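Chains as they are written, first to last, in our numbering: chain S, 1332 to 1931; chain Y, 56 to 344. Have a look at the structure below before the remarks.
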Amino acid sequence: MSLLCVDDLGVRFRTPAGVIDAVRSLSFRLEKGESLAIVGESGSGKSQSMAAILGLLAENGEATGSVRLDGQEILNSGDRALRRIRGRRISIVFQDPMTSLNPYLSIGQQLGRVLIEQRNLTADTAQAEVIRMLDAVRLPAAKTRLQSFPHEFSGGMRQRVLIAAALLCRPDVLIADEPTTALDVTVQAGILQLLRELQESFHTALVMISHDLAVVAGSSDRVIVMDRGVAIEEGTTRDVFNQPQTACTQALLRAVPRLEAPAPTRHSARSDARPLIDAKQLSVRYPMPRQGFGRQRFFTAVRGVDLTLHDGETVGVVGESGCGKSSLARALVNRGRHQGDISYLGRDLTRMHGDELKRAQRDMQFVFQDPLGSLNPRMTIEQIVAEPGEIHRMGDRHKIRQRVIELLERVGLDESALTRYPHEFSGGQCQRICIARALMSKPRLLVCDEAVSALDVTVQASILDLLTELQQELSLAILFIAHDLAVVRQVSDTLLVMYLGRVVECGPAEQIYRTPRHPYTRALLDAVPVPDPDIERARQYHNDDVAIPTPWNIGLGCSYRARCPLATARCEQERPVLEAFDDGQQHVACFHAGDVALQD
Amino acid sequence: MMTAANRKALGWQAWYAMRRDRLLIVSATLLALIVVAVIIGPWLTPHSYQTMDLSAVLLSPQWADYRWFGTDDLGRDLFARVMQGGRISLMVGIVSTFVSLVVGVLYGATAGYFGGRIDHLMMRFVDILYALPFMFFVILLMVLFGRNILLIFVAIGAVNWLDMARIVRGQTLALRRREYVEAAEMAGAYSRRVIFRHIVPNLLGVVVVYATLTVPQVILIESFLSFIGLGVQEPMTSWGALVQRGTELMSIAPWVLVIPSVMLAVSLLCLNFVGDGLRDALDPKDGHR
């Protein structure tokens, strides 16, 4: 008998617009200690089916079919019965580690309460158990962190705490709903490995939900692929990856950005002509809240970065969250406080004002990370896309309207979008609208700040294609910011790897991919998940996401030394500067950059 | 289902959403009836709101002699007085709220949007005005300008916009960090455009709800002022003043209390429902329910 038997599960939502079938006739078996992955694009019903099993559907939702846990029917068995199952028998880890923890309770209190309520432990034994579990998820110095509050942890550590919370009652089934989607690639690799190990040591059955096939490659025995509420493919992980049967699975696999694939041929329009933007020694610092009458202190987000952009060129900026890549992008388009020189077409951008500045601003447009959040919910798509045109007085209403329609068609939407509001569109469509708006003023530079990070892999791939096409048509310069090297590589000519506000490696993208010289670049490359179960299973990712120093306690020496496998005494004493390698194109700030042999 | 053409404007969409909200329709209709009644009411009855008739003191409501709502202890016709009082109460409520809404939203949005030193200065000014005792302020106005119904508007407006400004500023602080605000700034929009097109429309939900809460508050403040003799003066009246007078006669002539109270309560309730409904109807996300 299987641990969890799901038969003919259906989920439907009654909405005023009609009944929506979110999940249709889903059946699967989950054995003890097995690991199952459910993969599909957003809206394919993967999360809703799990919510149905746990009785967590929204009020207008309704589940049909049968779900048996150890032979006992649990579907729709009422809140009281389910409360005994949730947490104790079946646990869930959600996507967003920021909102899943109560900000007003310390970690020790939050986790202890679970044990006291569910397993009737005394406060003392509960605390000992919590410490044991936090050690199990490799939270450093678990004992001393019981009194810490959620905001004192980084995203990856919070996710570890949540996993610990989910495992506290030794559940039979652990459901991980997109557990790494909100995290950096390096952190993601650590969490994935942790889940894999915990599953083995606790003999827990694991259900992993993800939109990205590569993420589940290493940690699942079987895969179910869902498309629009239906399971269209099921099989062992190896079979699904090696012989995908349906077009949908093939598309999902194709969409995964790969490192080992040959580089897309790019028509590098790079010339020795005057650069569009040339920034020298750019620094950004933010004032910190003043302590009483103390001296004003600053937090430096970007330290002395040089950057050059030509028409038609793409520069990729990579780094973990908090490394200053967004601050750098804002400084480049002359927003926020910054020091250093930025010359725009040979003129000093920081000294521009009035019409000249407006003209320069018109040439530089932004695409943000959150597609829905960057569209005003009270404006129609026409008003949104037309706005830059109105601001820069690019013609009468009729002319602007024509251009809005043109742009919408260019990004793959039609005229019917004009009168609709942002919430009626999917994430990918919203991002297309954002791109259309950015192109309205005919810019020469497009800054994409994590523009594809919040999207499904398939959608991500199509947006990247769109950007590449647009670049070739319009000879746009693009500053592409992301935390995932595999994504950046697809579009970039030149690459900047940033760590805690400094550039640690830069040069032609292809060259850096072939011979990464900085250990950090290497770690970023290693962390990219590969859609191949054999490679993923074998990988041992060294778990270094827990030792990230905060930018103000670096002190002397190399800022990466705490995480660096190559760190020596010299790295403690002295800060490496960017040095040229390989005919002066690749620059690396590391004392060990010369001996590539050491790194292989 | 809506066709593409007629859902073009937010106004249309709001209209369609409103038509589906039964509570809103009922309360808006009732409110409209009350407004019409207080406007034409005084002409419907042969009695004047200020003529005393000592032969008809404390008549209970009856059809005879057009004494629909009865009379008060001075023999004045209650129907005429309630209608007249409604004019004053609703006018004070709506005009003062409107004034405080316009001033408060502009002030608060400006302070919140610019932030930093400007915000600091503008909000400290608000704090100073807050610290001024309301009664002292009203008495000062009376001394300077003499008794005038207009002064009530000024006094109430001057106090109420402070709350609105604070609420709006708080909301604006959250809104200005939204990416669509940043997107507009990066497109080169001037502050005025950002405030009016991106911030103020998104404040609507909070502002409308707060405004509907303000109207009753203002009406009550006015009745309090009238009670201590700083508001409307006899024989002119307002609902608040009528209720005040009614409480004294509660045991012998309950209708003198009940009728204006019911009018006041129903109006305030309707206003709250209309506010709720308007907020929902004006939200594009809800337009498709």
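Where is the CB? At the ideal position from N, CA and C, for every residue including glycine. Being a predicted model, the structure only gives us computed values, none of them experimental.
So, helix, strand or coil for H1923(S), using DSSP?
Along the first sequence, read from residue 1 onward, the residue named residue 1923(S) stands at position 592. Coil, per DSSP.
Using beta carbons (cut-off 9 Å, strictly below), is G141(Y) in contact with chain S?
To locate residue 141(Y), count along the second sequence from 1; it is residue 86. Judged by the 9 Å Cβ criterion, G141(Y) is not in contact with chain S.
Based on DSSP bridge pairs, tell me the residues matched to M1829(S).
Looking up residue 1829(S) in the first sequence gives position 498. Beta-bridge pairing links M1829(S) to V1834(S).
For my contact list, A1507(S) and L1544(S) are in at a C-beta cut-off of 8 Å; report their separation, rounded to the angstrom.
Walking along the first sequence from the start, residue 1507(S) turns up at place 176. Walking along the first sequence from the start, residue 1544(S) turns up at place 213. Not a contact, Cβ separation roughly 15 Å.
Taking beta-carbon pairs under 7 Å, can you tell me which members of the segment 1715 to 1749 of chain S lie near chain Y?
E1718, P1719, I1722, H1723 and S1747
Below 7 Å between beta carbons is the criterion; list the residues of the segment 287 to 313 of chain Y that meet it against any residue of chain A, in chain order.
In the displayed structure, chain A is absent; the protein chains listed are S and Y.
Of the residues that make up the segment 248 to 273 of chain Y, which ones have a beta carbon closer than 8 Å to any beta carbon in chain S?
R248, R252, H253, P256, N257 and L259
For R1491(S), report the span of its alpha helix (DSSP H) as first-last.
Taking the first residue of the first sequence as position 1, residue 1491(S) is located at position 160. Where R1491(S) is concerned, the enclosing alpha helix (DSSP H) stretches over G1486 to L1498.
Please identify the residue among V1492(S), R1605(S), K1689(S) and T1430(S) whose C-alpha is closest to the C-alpha of H1723(S).
Along the first sequence, read from residue 1 onward, the residue named residue 1723(S) stands at position 392. When each option's Cα is compared against that of H1723(S), the closest is K1689(S).
R1820(S) vs Y1851(S) beta-carbon contact at 9 Å:
Counting from one through the first sequence, the residue named residue 1820(S) turns up at place 489. Counting from one through the first sequence, the residue named residue 1851(S) turns up at place 520. No. Outside cutoff.
Can you find a CB in chain S that lies within less than 9 Å of the CB of M241(Y)?
In the second sequence, residue 241(Y) corresponds to position 186, counting from 1. With 9 Å as the cut-off, M241(Y) counts as an interface residue toward chain S.
Do L1607(S) and A1808(S) have their C-beta atoms within less than 9 Å of each other?
Mapped onto the first sequence, residue 1607(S) falls at position 276. Mapped onto the first sequence, residue 1808(S) falls at position 477. The answer is yes: Cβ separation under 9 Å.
L114(Y) versus R122(Y): straight-line alpha-carbon distance, rounded
Sequence index remark: in the second sequence, residue 114(Y) carries index 59 (1-based). Sequence index remark: in the second sequence, residue 122(Y) carries index 67 (1-based). Rounded to whole angstroms, L114(Y) to R122(Y) spans 8 Å at the Cα level.
Beta-bridge partners of M1557(S), as assigned by DSSP
Locating residue 1557(S) in the first sequence gives position 226, counting from the first residue. Partner(s): A1562(S).
Endpoints, the alpha helix (DSSP H) within which A1382(S) is located:
One-based indexing of the first sequence puts residue 1382(S) at position 51. It spans K1377 to I1384 - the alpha helix (DSSP H) in which A1382(S) sits, taken as one unbroken run.
Going by the beta-carbon positions, is the gap between V1698(S) and A1769(S) smaller than 9 Å?
Residue mapping note: residue 1698(S) aligns to position 367 of the first sequence, counting from 1. Residue mapping note: residue 1769(S) aligns to position 438 of the first sequence, counting from 1. It is a contact, given that the beta carbons lie within the stated cut-off.
Give the DSSP-derived three-state secondary structure of E1713(S) in the structure shown.
Translated into the one-based positions of the first sequence, residue 1713(S) becomes position 382. DSSP places E1713(S) in helix when its eight states are reduced to three.
For T1517(S), three-class secondary structure by DSSP:
Taking the first residue of the first sequence as position 1, residue 1517(S) is located at position 186. Helix at T1517(S).
Per-residue burial, T1567(S) [other beta carbons within 10 Å of its own, 16 or more giving buried]
Looking up residue 1567(S) in the first sequence gives position 236. Per the 10 Å Cβ criterion, exposed.
Can you tell me which of L280(Y), Y265(Y) and A164(Y) puts its alpha carbon nearest to the alpha carbon of F328(Y)?
Translated into the one-based positions of the second sequence, residue 328(Y) becomes position 273. With distances taken between Cα atoms, F328(Y) lies closest to Y265(Y).
Can you give the beta carbon distance from S316(Y) to G301(Y), rounded, assuming they're within the 8 Å contact cut?
Reading the second sequence from its first residue, position 261 is the one you call residue 316(Y). Reading the second sequence from its first residue, position 246 is the one you call residue 301(Y). Indeed they touch by this definition, with Cβ atoms about 7 Å apart.
In the DSSP assignment, find the unbroken beta strand (DSSP E) run with I1540(S) in it and report its ends.
As a working note, residue 1540(S) is residue 209 in the first sequence. Segment A1536 to S1541, the beta strand (DSSP E) holding I1540(S).
Could you name the residues that DSSP lists as bridge partners for S1356(S)?
Along the first sequence, one-based indexing puts residue 1356(S) at 25. In the DSSP output, where bridge partners are listed per residue, S1356(S) has none listed.
Chain Y contact residues for A1706(S), given Cβ-Cβ distances below 7 Å:
The residue labelled residue 1706(S) in the question sits at position 375 within the first sequence. This sequence places Leu at residue 1706(S); Ala is not what is there. Ordered by position in chain Y, the residues that pass the 7 Å Cβ test against L1706(S) are Y235.
So, does the segment 1402 to 1422 of chain S touch the segment 1579 to 1589 of chain S, judging by three or more C-beta pairs under 8 Å?
no
What residue range does the beta strand (DSSP E) around V1424(S) cover?
Position 93 of the first sequence holds residue 1424(S). Run containing V1424(S): I1421 to V1424, per the beta strand (DSSP E) assignment.
Report the option in E1448(S), Q1478(S) and T1456(S) whose CA atom is closest to the CA atom of P1434(S).
Sequence index remark: in the first sequence, residue 1434(S) carries index 103 (1-based). Of the candidates E1448(S), Q1478(S) and T1456(S), the one whose C-alpha sits nearest the C-alpha of P1434(S) is Q1478(S).
Inspect the beta-carbon positions of G96(Y) and G167(Y) and report whether they are closer than 9 Å.
Stepping through the second sequence from its first residue, residue 96(Y) is reached at position 41. Stepping through the second sequence from its first residue, residue 167(Y) is reached at position 112. Cβ distance not < 9 Å, so G96(Y) and G167(Y) don't count as in contact.
Count the other CB atoms within 10 Å of the CB of A213(Y); is the residue buried (16 or more) or exposed (fewer)?
Position 158 of the second sequence, counted from the first residue, corresponds to residue 213(Y). It is buried - the Cβ of A213(Y) has at least 16 other Cβ atoms within 10 Å.
Listing by chain order, which chain S residues have their CB less than 8 Å from the CB of A244(Y)?
Against the second sequence, residue 244(Y) aligns to sequence position 189. Within chain S, the residues near A244(Y) are E1718 and I1722.
Residues of chain Y with CB closer than 9 Å to the CB of S1806(S), please, in chain order.
As a position in the first sequence, residue 1806(S) is number 475, starting the count at 1. Chain Y residues near S1806(S): none, gap ~21 Å exceeds 9 Å.
Which residues of chain Y have a Cβ atom closer than 7 Å to the Cβ of S1772(S), listed in chain order?
The count along the first sequence starts at 1 and reaches residue 1772(S) at position 441. Result: A242.
Which chain Y residues sit within Cβ distance under 8 Å of V1648(S)?
If you number the first sequence from 1, residue 1648(S) lands on position 317. Neighbours of V1648(S) on chain Y: none; closest Cβ ~18 Å, over 8 Å.
Per-residue burial, F200(Y) [other beta carbons within 10 Å of its own, 16 or more giving buried]
Residue mapping note: residue 200(Y) aligns to position 145 of the second sequence, counting from 1. So F200(Y) counts as exposed.
Could you check whether V1354(S) and G1376(S) sit closer than 9 Å to each other, using their CB atoms as the reference points?
Counted from its first residue, the first sequence places residue 1376(S) at position 45. Counted from its first residue, the first sequence places residue 1354(S) at position 23. Result yes, Cβ atoms of G1376(S) and V1354(S) sit closer than 9 Å.
Is any beta-carbon of chain S found at less than 9 Å from that of A166(Y)?
Residue mapping note: residue 166(Y) aligns to position 111 of the second sequence, counting from 1. With 9 Å as the cut-off, A166(Y) does not count as an interface residue toward chain S.
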